[in-house]
Amino acid sequence: MSGASSDSRPQGREPVPHGERAKAVGHIVFNLALLGIAAVMFVHAGGLPSSAWEPIGSGSFPRLMLAILALLNVIVIVKEVAKLRHTAALPSGSVGAWLWQHRLAFGVLGLFTLYAIAMPLVGFRWATLPFVLACQVLLGARRPRQLAIAAVIALLMSLGLDALFRHVFSISLPRGSLL
Amino acid sequence: MMESILAGADQLFTLPTMLTMLVGVVAGVITAAIPGFTITMAIVLALPLTFTMPALQGVATLLAVYIGGYTGGMISAALLGIPGTPSALATTFDAYPMARRGEPGRALAIGIWASFFGTLLSSIVLIIAAPPLAMIAVKLGAWEYFSLVVFALTIVASLVGRSMLRGLLAGAIGLILATVGADPLMGVTRFSFDLRMLSAGIPFLIVLIGIFAVSQLLREVEDAEEVKAGKQLIDSRISFKPWAAMREVLSYPFNLFRSSMVGVFIGAVPGAGGSIANLLAYDQAKRGSKHPEAFGKGSSEGVIASESGNSATSGGGLIPMIALGIPGSAVDAVLMASLMVHGIGVGPRLIMDHADTVYGMFMAMFLASAMMLVVCLLSMRMFLKVTSVPKSVIVPVVLTCCMVGAFALNNRVTDIYLLLGIGVFGYVLAKLDYPLAPLVLGVILGPIAETNLRRALMTNEDWTLFFTRPISLALLTLAALSIVLALRYRFKQRRQNLALD
Chain A
1 MSGASSDSRP QGREPVPHGE RAKAVGHIVF NLALLGIAAV MFVHAGGLPS SAWEPIGSGS
61 FPRLMLAILA LLNVIVIVKE VAKLRHTAAL PSGSVGAWLW QHRLAFGVLG LFTLYAIAMP
121 LVGFRWATLP FVLACQVLLG ARRPRQLAIA AVIALLMSLG LDALFRHVFS ISLPRGSLL
Chain B
1 MMESILAGAD QLFTLPTMLT MLVGVVAGVI TAAIPGFTIT MAIVLALPLT FTMPALQGVA
61 TLLAVYIGGY TGGMISAALL GIPGTPSALA TTFDAYPMAR RGEPGRALAI GIWASFFGTL
121 LSSIVLIIAA PPLAMIAVKL GAWEYFSLVV FALTIVASLV GRSMLRGLLA GAIGLILATV
181 GADPLMGVTR FSFDLRMLSA GIPFLIVLIG IFAVSQLLRE VEDAEEVKAG KQLIDSRISF
241 KPWAAMREVL SYPFNLFRSS MVGVFIGAVP GAGGSIANLL AYDQAKRGSK HPEAFGKGSS
301 EGVIASESGN SATSGGGLIP MIALGIPGSA VDAVLMASLM VHGIGVGPRL IMDHADTVYG
361 MFMAMFLASA MMLVVCLLSM RMFLKVTSVP KSVIVPVVLT CCMVGAFALN NRVTDIYLLL
421 GIGVFGYVLA KLDYPLAPLV LGVILGPIAE TNLRRALMTN EDWTLFFTRP ISLALLTLAA
481 LSIVLALRYR FKQRRQNLAL D
């Protein structure tokens with residue numbers, strides 16, 4: 001379980017730490033976004049066809065769920081806005097510091113995004129090889145020995161896995177539309 | 001009967017059959033241990049290899065893959081915090097915290113023994129109670145299914161972590177994600193917004209990999225200093241004490257028995273399966289425990305419940321198949337196919353017409369679980385070495401496996417983009433402290449809930465039938481009781497916290 005680590009209960013009149021303020025802002029933005037998506041989906045669900053054979057059509061169940069989601073979103077927003085009033089503004093540079101602290105996670109995410117985009121274009125082998133290699137370099141493989149191990153792992157995960165799926169399991173991993 | 005048992009044993013206990021079963025167990029364990037690769041995938045890949053084998057050898061080999069797979073799923077759940085298969089979801093709740101606090105060997109050993117005993121108990125139930133249980137399972141109509149799902153949804157109360165509101169919100173998101181794609185009854189495409197990626201829906205496995213694997217791996221590399229110093233996933237010396245773990249598992253006999261029976265029943269209900277059984281067994285164990293506060297922090301009771309619950313579905317799933325010829329899950333359908341390939345018709349007459357094969361299958365269950373135990377106990381030290389691999393290697397390797405698993409599921413490139421999107425979404429949820437398990441539960445249960453609600457109302461518009469049909473009423477009463485108990489527990493906890501403050 002993703003251990004929910006912090007409680008969202010209001011903290012009374014006690015000053016709330018900056019981290020809590022950042023989280024409250026995060027919750028508000030996230031729930032506003034979800035509320036917007038739920039509203040769009042709710043309207044869309046209203047246009048789904050109904051059936052003569054059943055009392056509730058295609059759109060009814062999703063609409064019920066979307067209404068529940070929207071209600072929960074509103075409750076979270078109200079709770080977090082109340083919490084926001086008891087917190088001081090974030091010190092300048094804290095967003096930059098947070099981004100810098102998470103640089104590796106964002107770096108890996110960036111590489112993973114490029115990997116997902118590249119795979120249909122250049123195929124599994126030639127997308128995986130640089131992804132696995134670059135990821136290891138990003139995460140600390142810098143010395144010659146580490147780089148050699150990283151290259152072997154990249155070759156195994158790209159050419160090796162591709163050969164295994166193709167010849168043993170008869171599953172063709174993406175070939176690449178550009179190749 | 002004795003003649004059939006001996007004939008079955010004669011076919012089963014031959015060197016080629018035992019050898020292919022051993023290979024099957026190893027293949028099942030390894031495949032399921034890789035995040036993104038499922039037991040169904042392993043069984044489907046193994047099916048063509050059994051065509052040339054005699055009927056019992058073929059089905060026994062597939063059963064070995066099946067049983068190995070149910071145990072293999074917990075390896076990455078315990079060591080990486082990523083469920084290797086959907087059925088190992090609840091195993092991450094306690095096995096991973098246990099591993100993180102320096103006891104990965106204990107987490108794996110408890111899981112192996114719990115899996116073994118769960119399979120054993122389910123095999124015994126399969127032999128004794130297959131016909132009556134199958135009759136109950138198939139008597140469940142749409143009303144009972146819907147009520148069963150409502151009961152299963154109350155598990156969310158156990159999975160929400162500290163904030164009930166955020167847990168419910170995550171569950172609602174899961175239920176909505178499950179509505180994207182083709183409507184289960186009319187086939188109308190919903191919420192695709194003309195995107196090809198969404199028109200086929202969001203496969204459950206993609207949600208599981210994206211939400212758990214991608215977000216977990218990103219969280220692993222948040223501390224730049226730690227990663228660059230070559231820090232391993234788990235800081236510990238390898239300590240694997242299987243006998244102590246066996247004694248620990250057997251010291252919770254009621255938990256083991258209850259979780260296994262939950263697994264058997266859920267396995268016997270067509271369409272449910274291991275992905276629900278592990279969560280339901282975990283939930284029941286938490287509610288029944290003297291130390292519910294230890295759950296989620298590395299409780300051995302939680303690992304026992306999840307692993308015995310999911311492994312017991314292997315025997316439970318065979319009940320409707322053998323007694324009535326109805327496959328309870330995709331895996332059971334493949335097992336049925338392997339029998340049909342050899343000209344054995346699967347149906348209510350199976351046990352009468354092919355008693356030797358059926359008794360051979362029963363014995364194969366016991367043999368495969370014994371093989372699983374030996375294979376896992378002998379190989380666990382090797383698997384534990386994963387904990388000493390630096391994060392810089394683990395992260396790209398597991399991400400690549402996730403990508404392959406996502407693609408190989410349906411051979412669709414668009415599933416790769418979905419995986420990326422859901423992974424990012426999961427990371428945001430995790431950073432904002434939303435529990436992820438209720439979301440996955442919503443995705444599993446959403447389609448079953450909607451289909452059966454609509455089917456029930458299509459059959460009869462009378463809503464009161466949900467409350468007047470005895471089994472449905474019993475399940476709804478259990479659901480209400482479950483919510484009341486969860487709320488009582490939360491209020492009690494809150495009062496204790498206030499008293500401490």
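One line per chain: the protein sequences are A and B, in this order. Going by full-length UniProt numbering, 108 is the number at position 108 of the first sequence; the sequence numbering is gapless. Going by full-length UniProt numbering, 234 is the number at position 234 of the second sequence; the sequence numbering is gapless. No residue lacks a Cβ here, since even glycine has one placed at the ideal position from N, Cα and C.
Within-8 angstroms CB hit, residue i to chain A
i, result
"B:THR400", "yes"
"B:THR179", "yes"
"B:ALA55", "no"
"B:MET197", "no"
"B:ARG287", "no"
"B:LYS492", "no"
"B:VAL207", "no"
"B:LYS228", "yes"
N- and C-terminal bounds of the alpha helix (DSSP H) containing residue i
i, result
"B:MET53", "First-last for B:MET53: undefined, no H or E at that position."
"B:ILE209", "Run containing B:ILE209: none; DSSP gives neither H nor E here."
"residue 188 of chain A", "The structure shown has nothing for residue 188 of chain A, since chain A only spans 1 to 179."
"B:ALA178", "Segment: none, B:ALA178 is in no alpha helix (DSSP H) and carries neither H nor E."
"B:VAL25", "15-33"
"B:ARG349", "Taken as a continuous stretch (DSSP letters only), B:ARG349 belongs to no alpha helix (DSSP H), as it is neither H nor E."
"B:LEU473", "470-500"
"A:PRO62", "60-84"
"B:LYS431", "414-431"
"B:ILE394", "391-410"
"B:GLU3", "2-12"
"B:GLY141", "That residue, B:GLY141, is in no alpha helix (DSSP H); it is neither H nor E in DSSP."
Burial state of residue i, where buried means 16 or more other Cβ atoms lie within 10 Å
i, result
"A:GLN101", "exposed"
"B:LEU487", "exposed"
"B:ASN452", "buried"
"A:ALA148", "exposed"
"B:LEU481", "exposed"
"B:LYS139", "exposed"
"A:HIS167", "exposed"
"B:GLU450", "buried"
"A:SER172", "exposed"
"B:ILE322", "buried"
"B:ARG190", "buried"
"B:GLN496", "exposed"
"B:TRP463", "exposed"
"A:ASP162", "buried"
Cutoff 8 angstroms: residue i Cβ touching any chain B Cβ
i, result
"A:THR128", "yes"
"A:LYS23", "yes"
"A:HIS27", "yes"
"A:GLY12", "With a pLDDT of 42 at A:GLY12, under the threshold of 50, the modelled position of this residue cannot be trusted; read the value that follows with caution. By this cut-off, A:GLY12 is not an interface position."
"A:LEU179", "no"
"A:TRP98", "no"
"A:LEU104", "yes"
"A:VAL108", "yes"
"A:GLU54", "yes"
"A:SER51", "yes"
"A:SER58", "yes"
"A:LEU90", "no"
Cβ separation of residue i and residue j, assumed to be a contact under 8 angstroms, to the nearest whole Å
i, j, result
"B:GLY81", "B:ILE75", "The Cβ separation is near 12 angstroms, so there is no contact."
"B:LEU159", "B:PRO438", "5 angstroms"
"A:LEU69", "A:ALA38", "5 angstroms"
"B:ALA479", "B:THR154", "5 angstroms"
"B:ALA114", "B:VAL249", "5 angstroms"
"B:THR61", "B:THR50", "5 angstroms"
"B:ILE304", "B:ILE124", "With 8 angstroms as the limit, B:ILE304 and B:ILE124 do not qualify as a contact, their Cβ atoms being about 18 angstroms apart."
"B:VAL393", "A:ILE153", "6 angstroms"
"B:ASN278", "B:SER87", "5 angstroms"
Any non-hydrogen atom of the ligand GTP closer than 7 angstroms to residue i Cβ
i, result
"B:TYR282", "What this structure holds is no ligand at all, so the ligand GTP is not there to describe."
Cross-chain neighbours of residue i in chain C, by beta carbon under 9 angstroms
i, result
"A:HIS44", "In the structure shown, chain C does not exist; the protein chains are A and B."
Item to check | Under 9 angstroms (Cβ pairs) to chain A, residues found in the stretch 447-463 of chain B | outcome: ALA449, GLU450, LEU453, ARG454, ARG455, LEU457, MET458 and GLU461
Checklist entry - Of the residues that make up the stretch 68-85 of chain A, which ones have a beta carbon closer than 8 angstroms to any beta carbon in chain B? => result ILE68, LEU69, LEU72, ASN73, ILE75, VAL76 and LYS79
Next on the checklist: So if I threshold CB-CB distances at 8 angstroms, which residues from the stretch 389-423 of chain B count as touching chain A?
Outcome noted: PRO390, LYS391, SER392, VAL393, VAL395, PRO396, VAL397, LEU399, THR400, MET403, VAL404, PHE407, ALA408, ASN411, VAL413, ILE416, TYR417, LEU419, LEU420 and GLY423
Next on the checklist: Residues of the stretch 154-178 of chain B in Cβ contact with chain A at a cutoff of 8 angstroms, in chain order, please.
Outcome noted: LEU159, VAL160, GLY161, ARG162, SER163, LEU165, ARG166, GLY167, LEU168, LEU169, ALA172, ILE173, LEU175 and ILE176
Item to check | Selection of the stretch 112-125 of chain A by Cβ proximity to chain B, strictly under 9 angstroms | outcome: PHE112, THR113, TYR115, ALA116, ILE117, MET119, PRO120 and PHE124
Checklist entry - If contact means a Cβ-Cβ distance below 7 angstroms, which residues of the stretch 126-158 of chain A contact chain B? => result THR128, PHE131, VAL132, CYS135, GLN136, LEU139, GLY140, ALA141, ILE153 and MET157
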